[in-house]
Amino acid sequence: MREFLISNLTLLIFAITLVELILGVFLFLSYSKSKKTVTLCMALITVGLIVDAFLIGIGKFLPNGPIEGLSRVRFICHGALIPLIFPICGYGLRLKKGLMKVLWIATAVIIVLGIAQAVAVNLDIKTIGDVIRHASAGSPVWAEKISRILSYGTVIPLIIVGIIVWVKEKTPHLFLSGFLMFAFSALGPATGNFDLIFFISMIGELFMILFFLLYAKREEK
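For reference, each letter of the sequence shown is one residue, going -5 to 215 in the working numbering.
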């Protein structure tokens, strides 16, 4: 399996990008019907993940390899959009307007920190199979901590909230979106494929978007 993945890495990344694009279109269509902010947050996160996957995929086709400025856009999208998982959790719990305002203020602060982290991160060229991309390398300690918060400090609350919503509203979609994202993020290290973490995590992101869409469709009713 590892050899298959490495041999077809760019093709698989573009396939994931295409599916994410399709799911993203459906999310925006769902938002146009429901006008639910939770759906808009999900759609915007999807945009960030599409940009990330696409820019990684095109790295080998650029004349001089990945462009640092474009690669930094990936990190900025991650820092600016992934924190929207927090308000998604709030809307999932049906928090009152006052609590949602507090949550949105906290989210705005995290977004600013996420963008600052994306600007401060040091980038280094990494190659595996036919994929050439920038990855973080030797970044400031505070930036690494923010990065970990964005990666795990968002998914774990989504899982917890997902369980609560599952019990209260009999829908597992938020739980599955968080759980599968977490599971695939952990799969790379668990199997010793540290160099493929970025790709295996993309599969988890794809499942997260899929279950976001299923939740959004339910919210249309």
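Every residue, glycine too, gets a C-beta built ideally from N, C-alpha and C.
Check whether L97 and L107 have beta carbons under 9 Å apart: Within the sequence shown, the letter at position 103 stands for residue 97. Within the sequence shown, the letter at position 113 stands for residue 107. No; because the gap between Cβ atoms is not below 9 Å, this pair is not in contact.
Residue from I157, G172, Y25, C71 with nearest C-alpha to S141: Taking the first residue of the sequence shown as position 1, residue 141 is located at position 147. The option with the nearest alpha carbon to S141 is C71.
Alpha-carbon to alpha-carbon, I99 and R212: For this step, residue 212 is matched to residue 218 along the sequence shown. For this step, residue 99 is matched to residue 105 along the sequence shown. Distance between the alpha carbons of R212 and I99 is about 27 Å.
Contacts around I109, its chain only, beta-carbon distance under 8 Å, and the 5 residues preceding and following it disregarded: As a first step, residue 109 must be located in the sequence shown, where it is residue number 115. The residues are I70, G73, A74.
Inter-residue spacing [alpha-carbon to alpha-carbon] between L144 and K120: In the sequence shown, the residue the question calls residue 144 occupies position 150. In the sequence shown, the residue the question calls residue 120 occupies position 126. Taking the straight line joining both Cα atoms gives about 22 Å.
Euclidean distance between Cα positions of P151 and T101: Numbered from 1 along the sequence shown, position 157 holds the residue referred to as residue 151. Numbered from 1 along the sequence shown, position 107 holds the residue referred to as residue 101. If you take the alpha carbons of P151 and T101, they lie about 13 Å apart.
Best match in K54, S179, I122, K30 for proximity to L207 [C-alpha to C-alpha]: Translated into positions along the sequence shown, residue 207 becomes position 213. Closest by alpha carbon: K30.
Cβ-based burial, F55 [other Cβ within 10 Å; buried from 16]: Within the sequence shown, numbered from 1, the residue matching residue 55 stands at position 61. Exposed: under 16 other Cβ atoms inside 10 Å.
Beta-carbon proximity list for G59, same chain, < 7 Å, skipping 5 on both sides: Here residue 59 corresponds to residue number 65 of the sequence shown, with the count starting at 1. Only G53, I119, I126 meet the Cβ criterion.
The segment 147 to 164 in contact with the segment 7 to 16 per 3-pair CB rule at 8 Å: no
Neighbourhood of I246 by C-beta, 6 Å cutoff - its chain only, sequence neighbours within 5 removed: One cannot answer for residue 246 here, as it falls past the ends of the chain, which runs -5 to 215.
Those residues which DSSP pairs with H223 across a bridge: Residue 223 lies beyond the residue range present for the chain, which begins at -5 and ends at 215; the question has no answer from this structure.
Same chain only: Cβ atoms within 7 Å of M36, ignoring 5 sequence neighbours per side: Taking the sequence shown and counting its residues from 1, the one referred to as residue 36 is at position 42. Around M36: L21, I82, F206, A210.
Where R88 sits in the DSSP three-state scheme: Residue numbering aside, residue 88 sits at position 94 when the sequence shown is read from its first letter. Three-state DSSP puts R88 in coil, outside helix and strand.
Straight-line Cα distance separating F173 from P(-2): In the sequence shown, counting from the first residue as 1, residue -2 sits at position 4. In the sequence shown, counting from the first residue as 1, residue 173 sits at position 179. For clarity, residue -2 is Phe in the given sequence; the question names Pro instead. Between F(-2) and F173, the C-alpha separation is close to 26 Å.
Local conformation of G59 per DSSP, three classes: Numbered from its first residue, the sequence shown carries residue 59 at position 65. Three-state result, G59: coil.
Beta-carbon proximity check, A131 vs L117, cutoff 9 Å: Locating residue 131 in the sequence shown gives position 137, where the first residue counts as 1. Locating residue 117 in the sequence shown gives position 123, where the first residue counts as 1. Yes, the Cβ-Cβ distance between A131 and L117 is below 9 Å.
Min CB distance L49 to chain D below 9 Å: Absent here is chain D; the protein component of the structure consists of one chain.
T101 in three-state terms, based on DSSP: As a first step, residue 101 must be located in the sequence shown, where it is residue number 107. Of the three classes helix, strand and coil, the one that applies to T101 here is helix, per DSSP.
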